[in-house]
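Chemist: Each residue of the sequence shown is one higher than the last, beginning at 3 in our numbering.
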Amino acid sequence: MAMDKAYQAYQNNSVNTASSGELTLKLYNGCIKFIKQAKEDMESNNFESKNTNIQKAQNIIQELMVTLDMQIEISQQILPLYEYIQYQLKEANIKNDREALEEGLHYVVEFRDTWKEVLKETRQQKYVQGARV
3 MAMDKAYQAY QNNSVNTASS GELTLKLYNG CIKFIKQAKE DMESNNFESK NTNIQKAQNI
63 IQELMVTLDM QIEISQQILP LYEYIQYQLK EANIKNDREA LEEGLHYVVE FRDTWKEVLK
123 ETRQQKYVQG ARV
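Structure (structure tokens):
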């Protein structure tokens, strides 16, 4: 019990102190986790849990959609991809479509991996700039 409280405090602190870029990465990772769990639930015919996990993944994608700055061109290109992921997740949930779930997962993993590279490049640039000062 004390370990659970300590872990929860750690999790809360990691979210409260994370940069917006790190929070986005956490969202992608959470979405991947929920989709993978939904896949397992689908395979074991645990439809209630599958539904819950897909809805959690959909909520994360919705949050990512809402936070896009549509004044930036790349956001206008990302939005339709997020909408497609939402569609795939919905189809997977309604039809128990493993392929749709797998495709949604594929795109989220692509976004996550790209975002990790962006964060890495940003950190390297800040480090180089800090070293010059």
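Where is the CB? At the ideal position from N, CA and C, for every residue including glycine.
Between residue 105 and residue 69, what straight-line distance do the alpha-carbon atoms span, to the nearest angstrom?
Modeler: Going by the C-alpha atoms only, they are around 23 Å apart.
Chemist: Between the segment 91-98 and the segment 52-67, do three or more beta carbon pairs fall short of 8 Å?
Modeler: Short answer: they touch.
Chemist: Please report how far the alpha carbon of residue 72 lies from the alpha carbon of residue 81, in whole angstroms.
Modeler: For residue 72 and residue 81, the distance between alpha carbons rounds to 9 Å.
Chemist: Once DSSP output is grouped into helix, strand and coil, what is the label at residue 69?
Modeler: In this structure, residue 69 counts as coil in the three-state DSSP scheme.
Chemist: From the DSSP output, in three-state form, read off residue 51 for me.
Modeler: Of the three classes helix, strand and coil, the one that applies to residue 51 here is helix, per DSSP.
Chemist: Which first and last residues belong to the alpha helix (DSSP H) in which residue 74 is found?
Modeler: That residue, residue 74, is in no alpha helix (DSSP H); it is neither H nor E in DSSP.
Chemist: Whole angstroms are fine: how far does the CA of residue 74 sit from the CA of residue 35?
Modeler: The alpha-carbon atoms of residue 35 and residue 74 are separated by roughly 29 Å.
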